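So the protein sequences, as listed, match chains Y and P.
Each residue of the first sequence is one higher than the last, beginning at -7 in my numbering.
Each residue of the second sequence is one higher than the last, beginning at 12 in my numbering.
All C-beta atoms in this analysis are idealised placements derived from N, C-alpha and C, irrespective of residue type, glycine included.
In this text, all values refer to a predicted model and were calculated from it rather than measured experimentally.
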Amino acid sequence: MAEALVVRGLSKRFGGLRAVHDLSFSVQEGQTVALIGPNGAGKTTSFNLITGYYRPDAGSALAFGHELVGLYPYDVCARGLARTFQVARPFGRMTVLANVMTGALLRDKRVAAARERALKAIDFVGLSAKEASPARDLSTIDQRRLEVARALATEPRLLLLDEAMAGLNHTEIDQAVGLVRQLSQRGLTIVIVEHVMRAIMAVAQHIVVLDHGQKIAEGSPKEIAANPEVIRAYLGTGGGH
Amino acid sequence: MVSNAFAIDILIRVFLFAFIGVAWNLLGGYAQQLSLGHAAYFGLGAYTSTLLLIRAGVSPWIGMAAGGVVAAAASLPIGALCFRLRGPYFAIATIGTAQTLMLLFLKFRDFAWGAVGTTIPNLGNAPLMMQFTAKAAYYYVALALLALGLAVTSWVERSWLGYYLVAVGEDQHAAEAVGVNVPRIKRDIYLISAFLTGLAGTFYTQYIYFIDPNTAFSFNISVEAALVSIVGGIGTLWGPVLGAVVLEPASALAQSWLGGGAHAGVQLALYAVILIAVILWRPTGLLGALTAVYARVVRAAPAGVPGTGRPVRKGLPLDG
């Protein structure tokens, strides 16, 4: 299997705080990898470094063989990496359809073609009934669905999901897990930041654990669940669902 | 005859400021980049055509296109500087650009007549030189400009650019995440907006037969460009037109009743009151208010957003 994403020595400081320090991990094509760790461990910062929202102080991130460091977020997206945000950021004034069409326009500037592909993405996440609603009216889970649809419409090869399941109830988490699995089965490579352990164990083939900006462990879900350092740093601090 | 000329003059002002508002709305309405410096492009358009006319005898029709190009070109460095700033800081910086241009034209007398300005040589009825004895002719030119502005906006609304503009206006980070090159989109729409505003400057100078830095780069122009759009409904095709239809006659009447010279601030005070009223009670502008009323009267069920009293906006990028 080829490597979809290779992160090497990625570091970022905010003043005196080492938000991410010397982080390295890689993601194989078609794999679903989870990035876990307590609050403030540097998971979202890592996403922001990989997707061009922050400039790293050091390190590199190669996606499908191309360097991402130095690229702007829109170039990263054009390279085939789509992301969602921890707090969903829909274009509130636009309808669901228009939101997703905006994503679809990346690969084809014809509005009619974008509309067709947007409708497919909306159908895939199960939002078809609300395609004409203004995005600001959606519930939390629907806003998350919308963000996934909008990201999918850009036709990514690698999808980065930032806490897509936070704040969802058990039924909704099951639905979200089903969605991630379906995406994975379609061949999409996925990196997921998540707190909900149940969901992580259900979708991830490989887990990278961060604490205080550093990688403290990585391995299969089974290995991670049994790792004493992980239990102390993460599961022991009230994160076990 | 006098009242008729007065009515035509008001209509020309309505069309002209509707056109300037439409040009402003592309950047300020759809992309929500609140510029208060569009007088810069109005003035550059006015001076370009006038300089070409007086120094080289070039027809203002050609001068108008040249003025648009000069304005568009000027928007590149101005945008590169101002777009580094967000929100109110962007607005303040744009005010500075128009004021700076005004000072430059006041200072360099040899280049463009300085503070005294110049009159446009009267050639009688010379349509090829954009001069007409019949006032109605100006009316049609202004109407044609407005039609051009609306056609451009309508194209933008229906194309990918419209979706990208609204996305930039809503959330720049989220827009970048789906591949929107935000700096380029802002630059391009500013270019188009400045080009159209430059055309308006040429027309206005030809219409009043006079140019000086204080008229051409007047802060009032910048304010009215934004005001007609905000009052009528920003980010909508017809909003600036509706705003101009309401504001221009109101300001002309207020000036003629109260006397422009003795009460110089009356017009701005009136604008301030209208602007505050709109922002307080109808943030979607008059068009938003009308749409809500229409929805209530025509359809039994309100088409608006439940619980907010806000109507769903018209326009393709918004309602799919």
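For the candidate residues the options, whose alpha-carbon lies nearest to that of residue i?
i, options, result
"Y:Arg107", "Y:Phe116, Y:Gly95, Y:Gly118, Y:Val117", "Y:Gly95"
"Y:Val79", "Y:Ala50, Y:Gly44, Y:Thr36, Y:Tyr46", "Y:Thr36"
"P:Ser338", "P:Ser229, P:Leu286, P:Gly212", "A question about residue 338 of chain P goes unanswered here, because the residues of chain P that appear run from 12 up to 331."
"P:Leu279", "P:Phe230, P:Thr108, P:Cys93", "P:Phe230"
"P:Phe53", "P:Asn225, P:Arg307, P:Pro294", "P:Asn225"
"P:Gly135", "P:Gly254, P:Lys146, P:Val127", "P:Lys146"
"P:Ala85", "P:Val163, P:Phe119, P:Tyr201, P:Leu172", "P:Tyr201"
"P:Thr365", "P:Leu210, P:Gln43, P:Trp72, P:Ser267", "Only positions 12 to 331 of chain P appear in the structure, and residue 365 of chain P is not among them; the question remains open."
"P:Ser60", "P:Pro260, P:Val80, P:Val257, P:Met113", "P:Val80"
"Y:Arg136", "P:Ala185, P:Ile19, P:Leu207, P:Leu248", "P:Ala185"
"P:Trp124", "P:Met140, P:Tyr58, P:Gly40, P:Leu172", "P:Tyr58"
"Y:Ile28", "Y:Ala104, Y:Ile216, Y:Val201", "Y:Val201"
"P:Ala137", "P:Arg97, P:Gly128, P:Ser70", "P:Ser70"
"P:Trp72", "P:Ala34, P:Tyr149, P:Tyr174, P:Tyr175", "P:Tyr149"
"P:Lys197", "P:Ile65, P:Gly56, P:Ile21, P:Ile89", "P:Ile89"
"Y:His58", "Y:Arg142, Y:Pro48, Y:Leu73", "Y:Leu73"
"P:Phe347", "P:Val25, P:Ala18, P:Leu47", "Residue 347 of chain P cannot be examined here, being either before or after the span of chain P that is shown, 12 to 331."
"P:Thr108", "P:Arg120, P:Asp121, P:Leu62, P:Ala91", "P:Ala91"
"P:Asp121", "P:Val179, P:Pro132, P:Ala104, P:Leu62", "P:Leu62"
"Y:Ala33", "Y:His13, Y:Ala217, Y:Asp49", "Y:His13"
"Y:Lys4", "Y:Ile182, Y:Ala50, Y:Pro82", "Y:Ala50"
"P:Arg24", "P:Arg169, P:Met140, P:Arg97, P:Pro251", "P:Pro251"
"Y:Val19", "Y:Val140, Y:Leu160, Y:Leu89, Y:Ile184", "Y:Ile184"
"P:Phe206", "P:Leu37, P:Thr130, P:Gly173", "P:Leu37"
"Y:Arg178", "Y:Glu210, Y:Glu21, Y:Leu9", "Y:Glu21"
"Y:Cys69", "Y:Asn40, Y:Pro82, Y:Thr87", "Y:Asn40"
Given that residue i touches chain P, what residues does it touch there, using C-beta distances under 7 Å?
i, result
"Y:Lys101", "Trp171"
"Y:Gly95", "Val189"
Taking all protein chains shown into account, decide if residue i is buried (16 or more other Cβ within 10 angstroms of its Cβ) or exposed.
i, result
"P:Ser204", "buried"
"P:Asn192", "buried"
"P:Pro322", "Note that P:Pro322 scores a pLDDT of 43, beneath 50, so its modelled location is shaky and nothing firm can be said."
"P:Trp166", "exposed"
"Y:Leu97", "buried"
"P:Phe28", "buried"
"P:Gly326", "In this prediction, P:Gly326 has a pLDDT of 45, which is less than 50 and means its spatial position is unreliable; nothing more can be read from the coordinates."
"Y:Gln174", "exposed"
"P:Val127", "exposed"
"Y:Arg224", "exposed"
"Y:Ile114", "buried"
"Y:Ser212", "exposed"
"P:Phe17", "exposed"
"Y:Thr163", "exposed"
"P:Tyr220", "exposed"
"P:Leu297", "buried"
"P:Met12", "Any reading at P:Met12 must be qualified, since the residue scores a pLDDT of 43, below 50, and its modelled position is unreliable; the value itself is stated next. Its Cβ having fewer than 16 others within 10 Å, P:Met12 is exposed."
"P:Tyr151", "exposed"
"P:Trp249", "buried"
"P:Thr164", "buried"
"Y:Val142", "One detail in the question is off: residue 142 of chain Y reads as Arg in this sequence, not Val. Per the 10 Å Cβ criterion, buried."
"Y:Asn246", "The requested residue 246 of chain Y is not part of the displayed model; chain Y covers only -7 to 233."
"Y:Ile42", "buried"
"Y:Gly232", "Residue placement at Y:Gly232 cannot be trusted, given a pLDDT of 43 that sits under 50; the coordinates are not used to answer."
At 8 Å on the CB atoms, spell out the chain P contacts of residue i, in chain order.
i, result
"Y:Tyr46", "By Cβ distance, chain P contributes nothing, its closest Cβ being about 12 Å from Y:Tyr46, past 8 Å."
"Y:Thr146", "Val189, Gly190"
"Y:Arg142", "Val189"
"Y:Ala70", "Gly190"
Could you check how far apart the C-beta atoms of residue i and residue j are, in whole angstroms? I think they sit under 8 Å.
i, j, result
"Y:Phe17", "Y:Arg149", "The pair is not a contact, with the Cβ atoms about 18 Å apart (cut-off 8 Å)."
"Y:Gly84", "P:Glu181", "6 Å"
"Y:Val195", "Y:Val169", "6 Å"
"P:Ile31", "P:Glu235", "7 Å"
"Y:Ile165", "Y:Ala191", "6 Å"
"Y:Thr24", "Y:Gln197", "6 Å"
"Y:Tyr66", "P:Glu187", "5 Å"
"P:Ser233", "P:Ala67", "Contact doesn't hold; Cβ gap of about 29 Å is too wide."
"P:Gly39", "P:Ile245", "7 Å"
"P:Thr208", "P:Ala82", "6 Å"
In chain Y, which residues lie less than 9 Å from residue i when you measure between Cβ atoms?
i, result
"P:Ala227", "Going along chain Y, no residue has its Cβ under 9 Å from P:Ala227, so there is no contact; the nearest lies around 35 Å."
Starting from the beta carbon of residue i, find every residue of chain Y whose beta carbon is closer than 7 Å, and list them in chain order.
i, result
"P:Tyr174", "Ala90, Met93, Thr94, Leu97"
Listing by chain order, which chain P residues have their CB less than 9 Å from the CB of residue i?
i, result
"Y:Phe6", "Result: empty, since nearest Cβ-Cβ is about 18 Å, beyond 9 Å."
Residues of chain Y with a CB under 8 Å from the CB of residue i: which are they?
i, result
"P:Ala185", "Phe77, Arg81, Pro82, Phe83"
"P:Val193", "Tyr66"
Distance cutoff 9 Å, beta carbons only. Does residue i sit that close to anything in chain C?
i, result
"Y:Ala106", "Structure shown: chain C not included; protein chains present are Y and P."
> Taking the runs of the alpha helix (DSSP H) that are 4 residues or longer, which of them lie wholly in the region 126 to 192 of chain P?
Replying inline: 146 to 169, 171 to 181, 183 to 188
| request: Can you check the region 212 to 248 of chain P for any alpha helix (DSSP H) of at least 4 residues that lies completely inside it and give the ranges in chain order? | output: 224 to 227, 230 to 243
At which residue ranges does the region 149 to 201 of chain Y contain complete alpha helix (DSSP H) runs of 4 or more residues, listed in the order of the chain?
162 to 177, 189 to 195
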